[in-house]
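Enquirer: My structure is below; once you've seen it, I'll send some questions.
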Amino acid sequence: MTTAVIAAEQLTKWYGPRLAVDQVSLAVGPGEIMGLLGPNGSGKTTILRILAGYLRPSAGTACIAGLDVVDDSLAARRRVGYVPEDAPLYGGMGVREFLLFMGRLKGLAAGALTATVSAAVHRLGLEHVHGIQIAKLSRGYRQRVAIAQALLGDPALLILDEPTNGLDPRQIIEMRELIRSLGGERTILVTSHILGEIERVADRVAILLDGRLLGVHALRGSSGGQRLRLHVRGHEEGVRACLARVPGVTAIDVERASAMPLATYVVDAEQPVAEALAAALIASGFGLLAMEPAPVDLESLFLRLTGDREEAAR
Amino acid sequence: MRNFLTLLVKEEKAVFSSPIAYAIVAVYLLLMGFTFTLMLFLNRTAELVRIFFQAAVLLLLIVPVVTMRLLAEERRSGTLELLLTSPVREIEIVLAKFVASLTLVLLMLVLTASDAIVLGIYADPDWGPIYSGFLGLLLLAAALAAIGLLVSGLTSNQIVAAVVAMGVGILLWMIDSIGYLLPDPFDTIVTSLSLVAHFTPFATGALFLSDLGFFLTVVLACLLLTVRTLARR
Numbered sequence: 087m088t089t090a091v092i093a094a095e096q097l098t099k100w101y102g103p104r105l106a107v108d109q110v111s112l113a114v115g116p117g118e119i120m121g122l123l124g125p126n127g128s129g130k131t132t133i134l135r136i137l138a139g140y141l142r143p144s145a146g147t148a149c150i151a152g153l154d155v156v157d158d159s160l161a162a163r164r165r166v167g168y169v170p171e172d173a174p175l176y177g178g179m180g181v182r183e184f185l186l187f188m189g190r191l192k193g194l195a196a197g198a199l200t201a202t203v204s205a206a207v208h209r210l211g212l213e214h215v216h217g218i219q220i221a222k223l224s225r226g227y228r229q230r231v232a233i234a235q236a237l238l239g240d241p242a243l244l245i246l247d248e249p250t251n252g253l254d255p256r257q258i259i260e261m262r263e264l265i266r267s268l269g270g271e272r273t274i275l276v277t278s279h280i281l282g283e284i285e286r287v288a289d290r291v292a293i294l295l296d297g298r299l300l301g302v303h304a305l306r307g308s309s310g311g312q313r314l315r316l317h318v319r320g321h322e323e324g325v326r327a328c329l330a331r332v333p334g335v336t337a338i339d340v341e342r343a344s345a346m347p348l349a350t351y352v353v354d355a356e357q358p359v360a361e362a363l364a365a366a367l368i369a370s371g372f373g374l375l376a377m378e379p380a381p382v383d384l385e386s387l388f389l390r391l392t393g394d395r396e397e398a399a400r
Numbered sequence: 519m520r521n522f523l524t525l526l527v528k529e530e531k532a533v534f535s536s537p538i539a540y541a542i543v544a545v546y547l548l549l550m551g552f553t554f555t556l557m558l559f560l561n562r563t564a565e566l567v568r569i570f571f572q573a574a575v576l577l578l579l580i581v582p583v584v585t586m587r588l589l590a591e592e593r594r595s596g597t598l599e600l601l602l603t604s605p606v607r608e609i610e611i612v613l614a615k616f617v618a619s620l621t622l623v624l625l626m627l628v629l630t631a632s633d634a635i636v637l638g639i640y641a642d643p644d645w646g647p648i649y650s651g652f653l654g655l656l657l658l659a660a661a662l663a664a665i666g667l668l669v670s671g672l673t674s675n676q677i678v679a680a681v682v683a684m685g686v687g688i689l690l691w692m693i694d695s696i697g698y699l700l701p702d703p704f705d706t707i708v709t710s711l712s713l714v715a716h717f718t719p720f721a722t723g724a725l726f727l728s729d730l731g732f733f734l735t736v737v738l739a740c741l742l743l744t745v746r747t748l749a750r751r
């Protein structure tokens, strides 16, 4: 069994009388990009800070690659690369000087330090600015320097707090591409209060509101699952039963039904099922008119989940 | 140890790349040189007792300015979050900052030693009180630096850190005065907290372990409280 890189159980954080994070449980596997989505003040940054070892949870536990963030704090911090919101850096230092400093703090051996820093400089496209004082860099470059320091020491988990904040449109696109390219090699936890940002970079999304986790949803099939949209001719009950019999199918929603025996179904599955679905429908005599990948409509999902909660609160 | 040295180098660079450090050293040396010349030609005695007391009063004002940015600036700029999420112990951060701030004060004291050298060349001073006086100044500076570091760890505003640390230092310097108004045993307690009461024996050449213990206790207590301040988050 693969160990989860992030395993948080009933994580709770009080700031004085204010409850910032309320019993959040979360598991993120190796190589996954998990997005934390929620409005400002929903507890995203607090969760990141607990996982990064900056804050202690008031209750609950959190482990990074099996290491408790409180009991094995130093060892856990060695496995985390953290980029706080607004990428705070030492403005008086040069880019390379700063990366060497952070590399030493992360315990890189003297022999490997220069090579590791050079690799990070190359990976983040900082060759042209590595001798420049950080205070003189643009916001986009500062963000890259912050990510470069987070990658030093090859951490299992990269935590990015609002990485596209304050960037111009071109820098936002570059940052998205960078995050996607870093996924797969390592687990990434990224926050944003902008739906589109999470939708574009994350494999799964955890939606937070008022410190509570409302749900975790797959956005793309990178974790082995699949979400498909099918246009099928046939009676709804029969089609549903036929689809449900296919191994791996976890949920079937009817997106658009009409008076005619023709409807659109959205099928969630925990493994690739496209061929099996097509075969099952045709074998049962239903007309399969079209089948396509169905990305999650994050906006509707967010509104539905936050709306449900407000409804429940009333 | 490696982390401590890495942090110390960074802190030393920060201290000595700041114009504040050079302004402080220059003003300190100017005032000390002025007083030394005046004392030498007016009193014509080969001793530095008055110089030590003037240096002590200047340290009450200068050390908080040296320590004000140590943690307050890190907190304001957000780099404290970067440091505390690195695999570094709080004690290493605190010690590196403390030693770095003390280095600047040590440099000032070493430069003040030129006064003693002048006395040694042109007269035959009693060296005992001179050595103990410098030791007293170093201990006083260490205590003030530890207090300043603790206050700097409690705020993100450098000016607030400097003003509060200065206030605490000056209050502890003269707190024995209020002892005359208090009944026993409060007068003894208050007097035993006084910086001037523990510094005077050093400046006059009388060494007591209790005075040494007082300064070391203040340093250790403030450093431990600073570590607790960073750890409590």
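Chains F and V supply the protein sequences, listed in that same order.
Okay, so the first sequence: first residue is 87 according to the numbering used here, each after it adds one.
Okay, so the second sequence: first residue is 519 according to the numbering used here, each after it adds one.
Glycine is no exception: its CB is placed at the ideal position from the N, C-alpha and C atoms.
1. Could you give the residue range of the beta strand (DSSP E) that holds F:I92?
2. Short of 7 Å in beta carbon distance, which residues of its chain neighbour F:V335, apart from the five on each side in sequence? Order them along the chain.
3. Considering just the uninterrupted stretch of the beta strand (DSSP E) at F:T273, what are its terminal residues?
4. Between the region 158-171 of chain F and the region 235-247 of chain F, are three or more C-beta pairs nearer than 8 Å?
5. Going along the chain, which unbroken runs of the alpha helix (DSSP H) with 4 or more residues stay wholly within the region 634-675 of chain V?
6. Under 7 Å, Cβ to Cβ, is there at least one residue of chain V near F:R163?
7. So, at 7 Å on beta carbons, what are the nonlocal neighbours of F:I338 in its own chain, with the 5 sequence-adjacent residues on each side left out?
8. Taking the continuous beta strand (DSSP E) assigned at F:H216, which residues delimit it?
9. Answer with buried or exposed for V:R593, where buried requires no fewer than 16 other C-beta atoms within 10 angstroms of its C-beta.
10. Using the rule of at least 16 other Cβ atoms within 10 Å of the residue's Cβ for burial, across every protein chain shown, is F:Q96 buried or exposed?
11. To the nearest angstrom, how far is it from the Cα of F:L375 to the Cα of V:S595?
12. Examine chain V for any beta-carbon lying closer than 7 Å to the beta-carbon of F:P143, and answer yes or no.
13. Can at least three beta-carbon pairs, one atom from the region 704-722 of chain V and one from the region 597-615 of chain V, be found at a separation below 8 Å?
14. Measuring straight from C-alpha to C-alpha, what distance separates F:T273 and V:V686?
15. Given that a residue counts as buried once 16 or more other Cβ atoms are within 10 Å of its Cβ, and exposed if not, what is V:I677?
16. DSSP state of V:V617, grouped into three classes?
17. Using a Cβ cut-off of 8 Å, pull out every chain V residue sitting near F:L175, in sequence order please.
18. List the DSSP bridge partners of F:D339.
19. Does F:K222 pass the burial test, meaning 16 or more other C-beta atoms within 10 Å, or should it be called exposed?
20. By Cβ distance, which residues of its chain are closer than 7 Å to V:G697, with the 5 residues on each side in sequence left out?
21. For F:V181 and F:A205, I'd like the C-alpha separation in whole angstroms.
22. Which first and last residues belong to the beta strand (DSSP E) in which F:G168 is found?
23. Among the candidates V:L624, V:L734 and V:G551, whose CA atom is the shortest distance from the CA of V:E530?
24. Please report the distance separating the alpha-carbon of V:A680 from that of F:A198.
25. How about V:R594: is its C-beta nearer than 7 Å to some C-beta of chain F?
26. From V:I538 to V:A544, what distance separates their C-alpha atoms?
27. Taking the C-alpha atoms as reference points, what is the distance between F:L275 and V:V669?
28. Which bits of chain V does F:F372 rub up against, with CB to CB less than 9 Å?
29. Would the region 175-194 of chain F count as touching the region 138-146 of chain F if we require 3 or more Cβ pairs under 8 Å?
30. Applying a beta-carbon distance threshold of less than 7 Å, which residues of chain F neighbour V:N521?
31. For a contact defined as C-beta to C-beta under 7 Å, what are the partners of F:A138 on chain V?
32. Where does F:A198 sit, in a helix, a strand or coil, going by DSSP?
33. Which of the three DSSP states is assigned to F:S308 in this structure?
34. According to the neighbour-count rule (16 or more other Cβ atoms, all chains shown, within 10 Å of its Cβ), is F:S267 buried or exposed?
35. Does any CB atom of chain C fall closer than 7 Å to the CB of F:F187?
36. State the beta-bridge partners of F:G121 as determined by DSSP.
Expert: Put simply:
1. Against the first sequence, residue 92 of chain F aligns to sequence position 6. Note, F:I92: beta strand (DSSP E), I92 to Y101.
2. The residue you call residue 335 of chain F lines up with position 249 of the first sequence. Result list for F:V335: L329, V353, A355 and V359, in chain order.
3. In the first sequence, counting from the first residue as 1, residue 273 of chain F sits at position 187. Element bounds for F:T273: T273 to S278.
4. At 8 Å Cβ cutoff, the stretches touch.
5. Within the region 634-675 of chain V, the complete alpha helix (DSSP H) segments of 4 residues or longer fall at 645-670, listed in chain order.
6. Numbered from 1 along the first sequence, position 77 holds the residue referred to as residue 163 of chain F. By this cut-off, F:R163 is an interface position.
7. Residue numbering aside, residue 338 of chain F sits at position 252 when the first sequence is read from its first letter. Apart from sequence neighbours up to five positions away, the residues of its chain that approach F:I338 with a beta-carbon distance below 7 Å are R326, L329, A330, Y351 and V353, ordered along the chain.
8. If you number the first sequence from 1, residue 216 of chain F lands on position 130. Segment: none, F:H216 is in no beta strand (DSSP E) and carries neither H nor E.
9. The sequence position of residue 593 of chain V within the second sequence is 75, counting from 1. With 16 or more Cβ atoms within 10 Å of its Cβ, V:R593 is classed as buried.
10. Your numbering for residue 96 of chain F matches position 10 in the first sequence. Counting Cβ neighbours within 10 Å, F:Q96 comes out exposed, since fewer than 16 surround it.
11. For this step, residue 375 of chain F is matched to residue 289 along the first sequence. For this step, residue 595 of chain V is matched to residue 77 along the second sequence. Distance between the alpha carbons of F:L375 and V:S595: 59 Å.
12. On the first sequence, residue 143 of chain F is found 57 positions in, with the first residue counted as 1. Answer no: the Cβ-Cβ gap between F:P143 and chain V never drops below 7 Å.
13. Touching, no, given that fewer than three Cβ pairs across the two stretches are closer than 8 Å.
14. Here residue 273 of chain F refers to the residue found at position 187 when the first sequence is read from its first residue. Here residue 686 of chain V refers to the residue found at position 168 when the second sequence is read from its first residue. Taking the straight line joining both Cα atoms gives about 48 Å.
15. The residue you call residue 677 of chain V lines up with position 159 of the second sequence. Answer is exposed; the Cβ neighbour count stays below 16.
16. Residue mapping note: residue 617 of chain V aligns to position 99 of the second sequence, counting from 1. It is helical.
17. Locating residue 175 of chain F in the first sequence gives position 89, where the first residue counts as 1. Within 8 Å Cβ-Cβ: T597 and L600.
18. Residue numbering aside, residue 339 of chain F sits at position 253 when the first sequence is read from its first letter. Beta-bridge pairing links F:D339 to F:V352.
19. Start at 1 with the first residue of the first sequence, and residue 222 of chain F comes out as number 136. For F:K222, the number of other beta carbons within 10 angstroms of its own is below 16, and it is reported as exposed.
20. To locate residue 697 of chain V, count along the second sequence from 1; it is residue 179. Apart from sequence neighbours up to five positions away, the residues of its chain that approach V:G697 with a beta-carbon distance below 7 Å are D705, V708 and T709, ordered along the chain.
21. For this step, residue 181 of chain F is matched to residue 95 along the first sequence. For this step, residue 205 of chain F is matched to residue 119 along the first sequence. If I take the Cα positions, the gap works out to 13 Å.
22. As a first step, residue 168 of chain F is located in the first sequence; it is residue number 82 there, counting from the start. Reading the sequence as shown, one finds Tyr at residue 168 of chain F and not Gly. Its beta strand (DSSP E) spans residues V166 to V169.
23. Position 12 of the second sequence, counted from the start, is the residue given in the question as residue 530 of chain V. When each option's Cα is compared against that of V:E530, the closest is V:L624.
24. Indexing the second sequence from 1 puts residue 680 of chain V at position 162. Indexing the first sequence from 1 puts residue 198 of chain F at position 112. When rounded, the distance between both Cα atoms is 41 Å.
25. Residue numbering aside, residue 594 of chain V sits at position 76 when the second sequence is read from its first letter. Not closer than 7 Å to any Cβ of chain F, the Cβ of V:R594 fails to qualify, so no.
26. Indexing the second sequence from 1 puts residue 538 of chain V at position 20. Indexing the second sequence from 1 puts residue 544 of chain V at position 26. The C-alpha of V:A544 is placed about 10 Å away from the C-alpha of V:I538.
27. What you label residue 275 of chain F is simply residue 189 of the first sequence in a count that begins at 1. What you label residue 669 of chain V is simply residue 151 of the second sequence in a count that begins at 1. Cα-Cα distance, rounded: 35 Å.
28. Along the first sequence, one-based indexing puts residue 372 of chain F at 286. Chain V residues near F:F372: none, gap ~55 Å exceeds 9 Å.
29. Contact fails: fewer than three Cβ-Cβ distances are below 8 Å.
30. Start at 1 with the first residue of the second sequence, and residue 521 of chain V comes out as number 3. Under the 7 Å cutoff, chain F gives L191.
31. Translated into positions along the first sequence, residue 138 of chain F becomes position 52. Per Cβ cutoff of 7 Å: T603.
32. Locating residue 198 of chain F in the first sequence gives position 112, counting from the first residue. Secondary structure of F:A198 (DSSP, three-state): helix.
33. Position 222 of the first sequence, counted from the start, is the residue given in the question as residue 308 of chain F. Below a pLDDT of 50, predicted positions are generally treated as unreliable, and F:S308, at 46, falls in that range; no measurement from the model is reported.
34. On the first sequence, position 181 is the one that residue 267 of chain F refers to. That one is exposed.
35. Considering every chain present, this structure includes no chain C. Its protein chains are F and V.
36. As a position in the first sequence, residue 121 of chain F is number 35, starting the count at 1. F:G121 is bridged to F:V276 and F:V291.
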